Amino acid sequence: MSIQNVMAPADIAARRRASVMAALVIVVVLLVLLSLGVGPVRLSPVSVIDALFGGGSDVQQVIVREIRLPRTILGLAIGAMLGLSGAAMQGLLRNPLAAPELFGAPQSAAFGAVLVIAFGLADVRSYALPVAAIIAAFASVFALLAIAGRNAGLLILILAGLAISSLAGAATALVMNLSSNPFVVLEIAFWLLGSLEDRSFRHVMLALPFIVAGAVMLLSQRHAFRALSLGEETAQSLGVDVGRLRLLVISGVALGVGGAVAVSGSIGFIGLVAPHLMRPLIGHDPTRLLVPSALTGSALLLAADIAVRMIPSTSDIKVGVLTSIIGVPFFLYLIMRERRALSGGVA
Amino acid sequence: MTDLALVTARGLDVKLAGRRVLRDVSLSLSSGHLVALVGPNGAGKTTLLRALAGLVPSDGTIHVRGDALSSLSLRERARRFAYLPQGHLVHWPLPARDIVALGRYPHGATDPARLTATDAEAVLRAMQAADVMEFSERRVTELSGGERSRVALARVLAVEAPVILADEPISSLDPRHQLDVMKTLRAAADRGALVIVVTHDLGLAARFADNVLVLSDGRLVSQGAAAEALSEQVMAEVFRISAYRAEYQREAVIVPWAEI
């Protein structure tokens with residue numbers, strides 16, 4: 029058999045992956061246009077594009093460029109970061125149930141933000157909030173690495189991550205418990221539900237650098253995930269610095285997710301679900317799943333954020349609530365459908 | 027200059043969790059040889075293999091082609107030592123061909139869909155040598171144990187490293203597949219590689235190895251051609267068994283017979 033014959037099926041698979049990617053990009057672009065058009069004032073995609081580039085009435089321009097554009101950019105970036113983090117964590121831990129929540133960074137970020145709100149240092153629209161959230165996310169990663177040690181195995185990392193996320197959750201509850209002002213408690217509770225409402229370019233500028241830095245760190249290690257499919261020791265024998273990989277992935281997730289949580293509150297299940305949606309289309313290769321999972325994360329969060337604006341209800345439904353309400357049953361369905369493949373995956 | 031040692035180790039000491047697993051092991055091995063590393067359970071065979079690959083920290087010195095192992099980058103080590111661990115674990119259902127292509131990772135071929143001509147040829151040679159062509163597109167998780175072990179072997183051959191370290195590559199295989207794997211490794215040695223195989227099968231060690239190393243309690247207690255390295259005295263003191271010994275087709279035959 030010749031080289032051409034051996035490589036031919038790989039080419040077919042590569043073409044299919046390319047068309048899946050193209051379809052994902054189209055879906056995301058359409059959702060972006062929709063997200064810019066949906067709200068109390070509905071705008072058609074044509075007038076959205078018009079307003080975006082300086083056409084249309086002044087009101088339309090303000091609506092699209094100053095109210096809906098930051099919200100849409102955040103949906104795009106935060107969704108992508110969550111999807112990418114989920115795929116990276118599942119690749120690192122070689123476990124399809126892994127998620128960014130596992131190492132406690134989002135919970136710690138939420139705690140940092142809640143602390144700032146509770147002490148009245150800032151309201152939910154100030155700069156102090158994201159800064160506190162990112163500091164707390166970093167502190168949690170630092171604590172994780174200090175507790176688990178530099179050469180810790182995955183089991184130790186998972187246990188330490190579980191402990192840290194539980195502690196962050198309990199600390200958040202304690203802050204709410206001790207708060208004497210019921211309005212503050214309500215504000216915290218709503219903020220924790222997760223939302224992209226009323227976010228401005230200030231929020232975008234604060235979250236985006238961290239999200240981009242985190243994503244760059246994760247993507248810089250993309251090839252190592254495939255080698256890691258053979259286990260840590262074999263990956264090391266192939267020339268992968270596994271200790272450094274682990275450090276970079278955990279830090280990248282903390283940075284990106286910390287930045288995301290700071291401006292959006294906690295938005296669950298996108299990181300877990302996005303890679304699962306892509307596996308039937310892209311395959312199980314953890315390296316190839318990274319970018320499609322990021323695009324899927326964007327699509328999911330944009331769609332959810334569009335849905336909360338369209339669902340008629342007396343009070344606003346928070347997008348974090350919606351992603352969890354839809355995400356969890358869907359995830360259960362995926363687990364049942366892939367039960368055989370999943371149990372066969374760890375051979 | 028064929029006798030020039032490819033791999034030398036001097037005074038190798040390894041401590042794992044405070045226990046000395048290897049004690050003062052020194053060896054000198056040449057290319058083109060198949061070396062069987064034998065010894066009772068817990069003798070330190072896997073640890074010696076991992077120390078040679080640089081996967082566990084060790085005291086003492088290891089040189090490969092005259093270069094100190096500690097002076098080589100991870101990637102350079104990976105190009106010189108191809109390591110086949112026990113169990114042939116694959117965590118995701120990837121196609122067999124992609125697993126084999128990971129053998130080119132140390133050479134910078136990170137994407138199995140975009141291999142250079144050199145890398146693609148190495149992958150092809152390895153798949154032919156290990157006889158995995160017929161299921162190269164199938165997911166490894168759908169393969170039988172014997173097929174999966176051949177895929178793992180092909181991955182190691184694809185590195186085309188001067189040294190192949192194989193940890194119990196034939197345990198859990200049927201006799202036909204055991205012979206298959208040993209013959210493939212023998213062929214790699216005949217093409218010029220140094221192949222070190224950890225095994226409990228003294229019969230196949232005697233049949234295929236140029237050189238047998240016997241480890242006992244972390245020490246290298248005996249080495250040489252199978253008949254001498256696995257002498258009656260070594261069998262009695264190290265393995266605490268007696269063996270049936272003979273010669274068949276000019277190869278040593280050693281069959282474990284009774285415990286003593």
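Chain order of the listed sequences is L and G. Numbering-wise (our numbering), the first sequence opens with residue 29 and increments by one. Numbering-wise (our numbering), the second sequence opens with residue 27 and increments by one. We treat Cβ as the ideally placed atom computed from N, Cα and C, and that holds for glycine. As the structure is a prediction and not an experimental result, all values here were calculated from the model.
Item to check | Selection of the stretch 297–328 of chain L by Cβ proximity to chain G, strictly under 7 Å | outcome: HIS312, ASP313, PRO314
Next on the checklist: Taking CB distances under 8 Å as the criterion, tell me whether ARG91 (chain G) reaches chain L.
Outcome noted: If you number the second sequence from 1, residue 91 (chain G) lands on position 65. Residue-level contact by beta carbon fails for ARG91 (chain G) and chain L, as no gap is shorter than 8 Å.
Checklist entry - Cα separation between PRO195 (chain G) and VAL224 (chain G)? => result Position 169 of the second sequence, counted from the start, is the residue given in the question as residue 195 (chain G). Position 198 of the second sequence, counted from the start, is the residue given in the question as residue 224 (chain G). Spanning the two alpha carbons is a distance of roughly 8 Å.
Checklist entry - Would the beta-carbon of GLY242 (chain L) fall within 8 Å of that of MET109 (chain L)? => result For the purposes of this step, residue 242 (chain L) is identified with residue 214 of the first sequence, where counting begins at 1. For the purposes of this step, residue 109 (chain L) is identified with residue 81 of the first sequence, where counting begins at 1. In this structure, MET109 (chain L) lies closer than 8 Å to GLY242 (chain L) by Cβ.
Checklist entry - Going by DSSP, what residues sit across from GLN249 (chain G) in a beta bridge? => result Position 223 of the second sequence holds residue 249 (chain G). Looking at the DSSP assignment, GLN249 (chain G) forms a beta bridge with G:LEU239.
Checklist entry - By Cβ distance below 7 Å, which residues in the same chain neighbour LEU97 (chain L) in space, the five residues on each side in sequence not counted? => result Translated into positions along the first sequence, residue 97 (chain L) becomes position 69. Within the same chain, LEU97 (chain L) has close Cβ partners LEU64.
Item to check | Exposure of GLY372 (chain L), with buried meaning 16 or more beta-carbon neighbours within 10 Å | outcome: The sequence position of residue 372 (chain L) within the first sequence is 344, counting from 1. Here the model assigns GLY372 (chain L) a pLDDT of 49, short of 50, so the residue's position is not dependable, and the following value carries that caveat. Exposed: under 16 other Cβ atoms inside 10 Å.
Checklist entry - By the criterion of Cβ-Cβ separation under 7 Å, what are the contact partners of LEU266 (chain L) in chain G? => result Numbered from 1 along the first sequence, position 238 holds the residue referred to as residue 266 (chain L). The contacting residues are ALA104, LEU128, TYR131, PRO132.
Item to check | For HIS114 (chain G) and GLN259 (chain G), the rounded distance between their alpha carbons | outcome: Taking the second sequence and counting its residues from 1, one reaches residue 259 (chain G) at position 233. Taking the second sequence and counting its residues from 1, one reaches residue 114 (chain G) at position 88. The straight-line gap from Cα to Cα measures roughly 35 Å.
Checklist entry - According to DSSP, is LYS41 (chain G) helix, strand or coil? => result In the second sequence, residue 41 (chain G) corresponds to position 15, counting from 1. Note: LYS41 (chain G) maps to strand in three-state DSSP.
Next on the checklist: Please report the straight-line C-alpha distance between VAL374 (chain L) and VAL116 (chain G), rounded to a whole angstrom.
Outcome noted: Residue numbering aside, residue 374 (chain L) sits at position 346 when the first sequence is read from its first letter. Residue numbering aside, residue 116 (chain G) sits at position 90 when the second sequence is read from its first letter. Reliability of the predicted coordinates at VAL374 (chain L) is poor, the pLDDT of 40 falling under 50, and the value obtained from them is presented with this limitation in mind. When rounded, the distance between both Cα atoms is 7 Å.
Item to check | Per-residue contacts from ARG337 (chain L) into chain G (C-beta, under 9 Å) | outcome: Working through the first sequence from its first residue, we reach residue 337 (chain L) at position 309. Correct list: empty, because the minimum Cβ distance to chain G is about 38 Å.
Item to check | Pick from L:ALA133, L:ALA50, L:SER113 that is closest to ALA290 (chain L), judged by C-alpha positions | outcome: On the first sequence, position 262 is the one that residue 290 (chain L) refers to. The shortest C-alpha separation from ALA290 (chain L) is found at L:ALA133.
Checklist entry - Do we get a CB-CB distance below 8 Å when we pair GLY111 (chain L) with the residues of chain G? => result Working through the first sequence from its first residue, we reach residue 111 (chain L) at position 83. Chain G, which has no Cβ nearer than 8 Å to the Cβ of GLY111 (chain L), makes this no.
Item to check | Inter-stretch contact (C-beta, 8 Å, three-pair minimum) for the stretch 154–166 of chain L and the stretch 266–276 of chain L | outcome: The stretch 154–166 of chain L is not in contact with the stretch 266–276 of chain L.
Checklist entry - Does the beta carbon of TYR274 (chain G) sit closer than 8 Å to a beta carbon anywhere in chain L? => result Reading the second sequence from its first residue, position 248 is the one you call residue 274 (chain G). Cβ-Cβ to chain L under 8 Å: no for TYR274 (chain G).
Checklist entry - So which of L:ARG365, L:GLY355, L:TYR361, L:LEU62 has the shortest CA-CA distance to GLY111 (chain L)? => result As a first step, residue 111 (chain L) must be located in the first sequence, where it is residue number 83. Cα-wise, what sits closest to GLY111 (chain L) is L:GLY355.
Checklist entry - Does any residue of chain L bring its CB to less than 8 Å from the CB of VAL223 (chain G)? => result Your numbering for residue 223 (chain G) matches position 197 in the second sequence. No, its Cβ sits nowhere closer than 8 Å to a Cβ of chain L.
Checklist entry - GLU260 (chain L) lies in the alpha helix (DSSP H); which residues open and close that run? => result On the first sequence, residue 260 (chain L) is found 232 positions in, with the first residue counted as 1. Residue range 260–265 is occupied by the alpha helix (DSSP H) that includes GLU260 (chain L).
Item to check | Own chain partners of GLY218 (chain G) with C-beta closer than 6 Å, once the 5 adjacent residues on each side are dropped | outcome: Within the second sequence, the letter at position 192 stands for residue 218 (chain G). Same-chain partners within the cutoff: SER57, GLY58.
Next on the checklist: Check whether chain L comes within 8 Å of THR28 (chain G), counting only Cβ atoms and requiring the distance to be less than that.
Outcome noted: For this step, residue 28 (chain G) is matched to residue 2 along the second sequence. A caution first: THR28 (chain G) carries a pLDDT of 44, below 50, which makes its placement in the model too unreliable to give a value.
Checklist entry - Can the beta-carbon of VAL182 (chain G) be found closer than 8 Å to that of LEU110 (chain G)? => result As a position in the second sequence, residue 182 (chain G) is number 156, starting the count at 1. As a position in the second sequence, residue 110 (chain G) is number 84, starting the count at 1. It is a contact, given that the beta carbons lie within the stated cut-off.
Item to check | Span separating the alpha-carbon of MET27 (chain G) from that of VAL40 (chain G) | outcome: Along the second sequence, one-based indexing puts residue 27 (chain G) at 1. Along the second sequence, one-based indexing puts residue 40 (chain G) at 14. Bear in mind that a pLDDT of 40 at MET27 (chain G), under 50, signals an unreliable position, so the number given afterwards is only what the model happens to contain. Whole-angstrom Cα-Cα distance: 32 Å.
Checklist entry - Does the beta carbon of ASP124 (chain G) sit closer than 8 Å to a beta carbon anywhere in chain L? => result Working through the second sequence from its first residue, we reach residue 124 (chain G) at position 98. Yes, its Cβ sits closer than 8 Å to a Cβ of chain L.
Next on the checklist: Counting only C-beta atoms, is ALA46 (chain L) closer than 8 Å to chain G at any point?
Outcome noted: The residue given as residue 46 (chain L) occupies position 18 in the first sequence. It does not; no Cβ of chain G falls within 8 Å.
Item to check | Whole runs of the beta strand (DSSP E) within the stretch 181–210 of chain G, excluding any shorter than 3 residues | outcome: Those beta strand (DSSP E) runs which fall completely within the stretch 181–210 of chain G and span 3+ residues are 189–193.
Item to check | Where TRP283 (chain G) sits in the DSSP three-state scheme | outcome: Position 257 of the second sequence, counting from 1, holds the residue named residue 283 (chain G). Three-state DSSP puts TRP283 (chain G) in a strand.
Checklist entry - At which residues does the alpha helix (DSSP H) containing SER279 (chain L) begin and terminate? => result One-based indexing of the first sequence puts residue 279 (chain L) at position 251. SER279 (chain L) -> alpha helix (DSSP H) spans 270–292.
Checklist entry - Mapping DSSP to helix, strand and coil, what is ILE267 (chain G)? => result Numbered from 1 along the second sequence, position 241 holds the residue referred to as residue 267 (chain G). In this structure, ILE267 (chain G) counts as strand in the three-state DSSP scheme.
Item to check | Secondary structure of GLY372 (chain L), DSSP reduced to three states | outcome: Taking the first sequence and counting its residues from 1, one reaches residue 372 (chain L) at position 344. At GLY372 (chain L) the pLDDT is 49, less than 50, meaning the model places this residue with poor confidence; the figure from the coordinates comes in the next sentence. Three-state result, GLY372 (chain L): helix.
Next on the checklist: So the candidates are L:MET338, L:ALA331, L:VAL232; which of them puts its Cα closest to the Cα of SER292 (chain L)?
Outcome noted: The residue given as residue 292 (chain L) occupies position 264 in the first sequence. For the residues L:MET338, L:ALA331, L:VAL232, the minimum Cα distance to SER292 (chain L) belongs to L:VAL232.
Checklist entry - Thinking just about the alpha-carbon of each residue, which of L:SER265, L:GLY280, L:LEU220, L:GLU260 is nearest to the one in MET245 (chain L)? => result To locate residue 245 (chain L), count along the first sequence from 1; it is residue 217. Here the closest residue by C-alpha is L:GLY280.
Next on the checklist: VAL33 (chain G) and LEU55 (chain G) - do their beta-carbons sit closer together than 8 Å?
Outcome noted: What you label residue 55 (chain G) is simply residue 29 of the second sequence in a count that begins at 1. What you label residue 33 (chain G) is simply residue 7 of the second sequence in a count that begins at 1. One thing to note: LEU55 (chain G) has its Cβ within 8 Å of the Cβ of VAL33 (chain G).
Checklist entry - Within the 8 Å Cβ cut-off, does ALA38 (chain L) reach chain G? => result To locate residue 38 (chain L), count along the first sequence from 1; it is residue 10. Interface residue, yes.
Checklist entry - Just the Cα atoms here: how many angstroms apart are VAL158 (chain G) and ALA198 (chain L)? => result The sequence position of residue 158 (chain G) within the second sequence is 132, counting from 1. The sequence position of residue 198 (chain L) within the first sequence is 170, counting from 1. Approximately 54 Å, taken between the alpha carbons.
Item to check | Host beta strand (DSSP E) of ILE222 (chain G) (start-end) | outcome: Position 196 of the second sequence, counted from the start, is the residue given in the question as residue 222 (chain G). Element bounds for ILE222 (chain G): 220–224.
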